[in-house]
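Undergrad:
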Ligand code: TYM
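Residue numbers (the working numbering): 70 to 401.
(1) Closest by CA to residue 148, which one among 197, 71, 209 and 110?
(2) Using 10 angstroms around the beta-carbon of residue 96, count the other beta-carbons present and answer buried if the total reaches 16, otherwise exposed.
(3) Return the chain-ordered ranges of every alpha helix (DSSP H) run that is complete within the stretch 198-241 and spans a minimum of 4 residues.
(4) Distance, Cα to Cα, residue 93 vs residue 87?
(5) Below 8 angstroms, how does it come out for the stretch 234-248 and the stretch 259-276: are there three or more Cβ pairs, yes or no?
(6) DSSP beta-bridge partners for residue 109?
(7) Let me confirm a value: residue 185 is counted as buried when at least 16 other C-beta atoms fall within 10 Å, else exposed. Which label applies?
(8) Taking the C-alpha atoms as reference points, what is the distance between residue 80 and residue 269?
(9) Is any non-hydrogen atom of the ligand TYM found closer than 7 angstroms to the C-beta of residue 78, if you look at the structure I gave you?
(10) On a Cα-Cα basis, can you pick out the residue from 209, 315 and 201 that is closest to residue 70?
(11) Does the Cβ of residue 306 have 16 or more other Cβ atoms within 10 Å, making it buried, or fewer, making it exposed?
(12) Heavy atom of the ligand TYM less than 7 angstroms from the Cβ of residue 75, yes or no?
(13) Keeping to the same chain, check which residues put their C-beta closer than 7 angstroms to that of residue 285; ignore five residues upstream and five downstream.
(14) Pick out whichever of 133, 176 and 162 has its Cα sitting closest to the Cα of residue 397.
(15) Using a 10 Å radius around the Cβ and a threshold of 16 neighbouring Cβ atoms, would you call residue 199 buried or exposed?
(16) Considering only heavy atoms of the ligand TYM, does any lie closer than 7 angstroms to the CB of residue 266?
(17) May I ask you to report which of helix, strand or coil DSSP gives residue 381?
(18) Enumerated in chain order, which unbroken segments of the beta strand (DSSP E) with a length of 3 residues or greater are wholly contained in the stretch 286-358?
(19) How big is the Cα-Cα spacing for residue 77 and residue 194?
(20) For residue 85, write down the residues that DSSP places opposite it in a beta bridge.
(21) Leaving out five residues before and five after residue 75 in sequence, what residues of the same chain have Cβ atoms less than 7 angstroms from its Cβ?
(22) The alpha helix (DSSP H) that contains residue 267, what's its start and end?
(23) Starting from residue 179, trace the alpha helix (DSSP H) both ways and give me its first and last residue.
(24) Quick check on residue 128: buried or exposed, where buried means 16 or more other Cβ atoms within 10 Å of its Cβ?
(25) Per the contact definition of three or more C-beta pairs closer than 8 angstroms, is the stretch 111-131 in contact with the stretch 336-347?
(26) How far does the alpha helix (DSSP H) with residue 121 in it reach, from first residue to last?
(27) Excluding the 5 residues flanking residue 156 on each side, which residues of the same chain have their C-beta closer than 8 angstroms to its C-beta?
(28) Under 7 angstroms: does the beta carbon of residue 215 sit that close to some heavy atom of the ligand TYM?
(29) Give me the residue from 173, 310, 72 and 230 with the minimum Cα distance to residue 294.
(30) Sort 299, 158 and 312 by Cα distance to residue 336 and report the nearest one.
(31) Sorry if obvious, but does the Cβ on residue 255 come closer than 7 angstroms to a heavy atom of the ligand GDP?
(32) Do the CB positions of residue 257 and residue 250 come within less than 8 angstroms of each other?
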């Protein structure tokens, strides 16, 4: 079985709809066909300041949501990044292979550091993509299921894998991004020119999966569309409606042409009312399942402990090869 690996940050509160449709949904599907490794990236989370108690709670919350979304510990390896120390160890080697200019060109760093100010932004934030490279290469992943915003980091991973292999001999699998065109970028409901995100979206434009279903329904009904009345997919001229059609189509498994047909002659209001219902039907059981996992932290922690053990077995083997290739003296 080909291998996939991906990660998600333990953000405060809950995952948003972009995380789910852009990434987690694919993770669930790929566990059937692939040897799948998925992790909560707490090392990445501390590249910006975190309250320790919140970080711990959000890490459990992230794991609970991944299970609620359909990850099955019998079918995939689910773990917490800091439980596998090899991530930080391989990241150091990768840092030493990355050009300063090369790292400076990562657009996510540029965006995030511009917001924080150059002196506030940590060196960890700067080398964030290099840690992600280590995450992926440790598992010899063939594919990395992510949203479009992560593409540049996967390209860096490919470059560094090839560089290492070229310099020290074949060691790492060169991975490919796995990005589904339809859901690569889910947009903000109030401003369909920007991606849905915790940092950029206004509360009304952001669908948090654990919000009150009623509040979610309201956000869908007040989504920004356009002054036209025709329900048609046209990402360029009708970004708001197209985003709603994408969401509707993926959550229900109905093709977009079918939806266009269904709503011919009906107004935006009809589409939004139906989509609000679809969304409520999706988030209601998701909230319940997440809560069940949170109510039983022992089970949750033991799933994560087993995951870490399986992950470490793979990661330790890759790291020891890399140490050897680089020329580190074995500790006898
Ligand atoms: P993170 O936690 O920001 O996001 C998790 C996943 O959600 C996707 N995503 C979106 N997809 C479509 N539309 C959106 N509006 C949207 N917003 C977020 C992201 O593309 C991502 O796939 N650096 C990563 C985490 C990471 C990782 C890794 C991923 C760390 N190590 C190794 C893959 C492999 C991140 O911060 O994702």
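Ideal placement from N, C-alpha and C gives every residue a C-beta, glycine not left out.
TA: With the given structure in hand:
(1) Counting from 1 along the chain shown, the entry for residue 148 is found at position 79. Looking at the Cα atoms, 110 is the closest of the given residues.
(2) By 1-based counting over the chain shown, the position of residue 96 is 27. With 16 or more other Cβ atoms within 10 Å, it is buried.
(3) 220-237
(4) As a first step, residue 93 is located in the chain shown; it is residue number 24 there, counting from the start. As a first step, residue 87 is located in the chain shown; it is residue number 18 there, counting from the start. Cα-Cα distance, rounded: 9 angstroms.
(5) As far as the Cβ criterion goes, the stretch 234-248 does not touch the stretch 259-276, which means the pair count is below three.
(6) Translated into the one-based positions of the chain shown, residue 109 becomes position 40. Looking at the DSSP output, residue 109 sits in a beta bridge with 77 and 149.
(7) In the chain shown, the residue the question calls residue 185 occupies position 116. Exposed, since its Cβ has fewer than 16 Cβ neighbours within 10 Å.
(8) By 1-based counting over the chain shown, the position of residue 80 is 11. By 1-based counting over the chain shown, the position of residue 269 is 200. A direct Cα-Cα distance of roughly 14 angstroms separates residue 80 from residue 269.
(9) Position 9 of the chain shown, counted from the start, is the residue given in the question as residue 78. At least one heavy atom of the ligand TYM is nearer than 7 angstroms to the Cβ of residue 78, so yes.
(10) On the chain shown, position 1 is the one that residue 70 refers to. Closest by alpha carbon: 209.
(11) The residue labelled residue 306 in the question sits at position 237 within the chain shown. Looking at its Cβ environment, which holds fewer than 16 other Cβ atoms inside 10 Å, residue 306 is exposed.
(12) Translated into the one-based positions of the chain shown, residue 75 becomes position 6. Checking every heavy atom of the ligand TYM against the Cβ of residue 75, one is found closer than 7 angstroms.
(13) Position 216 of the chain shown holds residue 285. Excluding positions up to five away in sequence, the list reads 276, 348, 349 and 352.
(14) To locate residue 397, count along the chain shown from 1; it is residue 328. Ranking the options by Cα distance to residue 397, first place goes to 162.
(15) Residue numbering aside, residue 199 sits at position 130 when the chain shown is read from its first letter. Residue 199 is buried by the Cβ-count criterion.
(16) Here residue 266 corresponds to residue number 197 of the chain shown, with the count starting at 1. For the ligand TYM, at least one heavy atom lies less than 7 angstroms from the Cβ of residue 266.
(17) Mapped onto the chain shown, residue 381 falls at position 312. Residue 381: helix per DSSP, three-state reduction.
(18) If one requires a minimum length of 3 residues, no beta strand (DSSP E) run lies completely within the stretch 286-358.
(19) Position 8 of the chain shown, counting from 1, holds the residue named residue 77. Position 125 of the chain shown, counting from 1, holds the residue named residue 194. For residue 77 and residue 194, the distance between alpha carbons rounds to 16 angstroms.
(20) Looking up residue 85 in the chain shown gives position 16. Answer is 277.
(21) Numbered from its first residue, the chain shown carries residue 75 at position 6. Contacts found: 92, 96, 107, 213, 214 and 215.
(22) Numbered from 1 along the chain shown, position 198 holds the residue referred to as residue 267. Element bounds for residue 267: n/a, residue is neither H nor E.
(23) Counting from 1 along the chain shown, the entry for residue 179 is found at position 110. It spans 176-185 - the alpha helix (DSSP H) in which residue 179 sits, taken as one unbroken run.
(24) Locating residue 128 in the chain shown gives position 59, where the first residue counts as 1. Residue 128 is buried by the Cβ-count criterion.
(25) no
(26) For the purposes of this step, residue 121 is taken as residue 52 along the chain shown, with counting starting at 1. Its alpha helix (DSSP H) spans residues 121-138.
(27) Within the chain shown, numbered from 1, the residue matching residue 156 stands at position 87. Taken in chain order, the residues that qualify are 112, 150, 200, 203, 204, 207 and 384.
(28) The residue given as residue 215 occupies position 146 in the chain shown. Flag set: Cβ of residue 215 near the ligand TYM.
(29) Position 225 of the chain shown holds residue 294. The candidate whose alpha carbon is nearest that of residue 294 is 310.
(30) Counting from 1 along the chain shown, the entry for residue 336 is found at position 267. Of the listed residues, the one whose Cα sits closest to residue 336 is 299.
(31) Only the ligand TYM can be found as ligands here, which leaves the ligand GDP out of the picture.
(32) Mapped onto the chain shown, residue 257 falls at position 188. Mapped onto the chain shown, residue 250 falls at position 181. No, they are not a contact pair.
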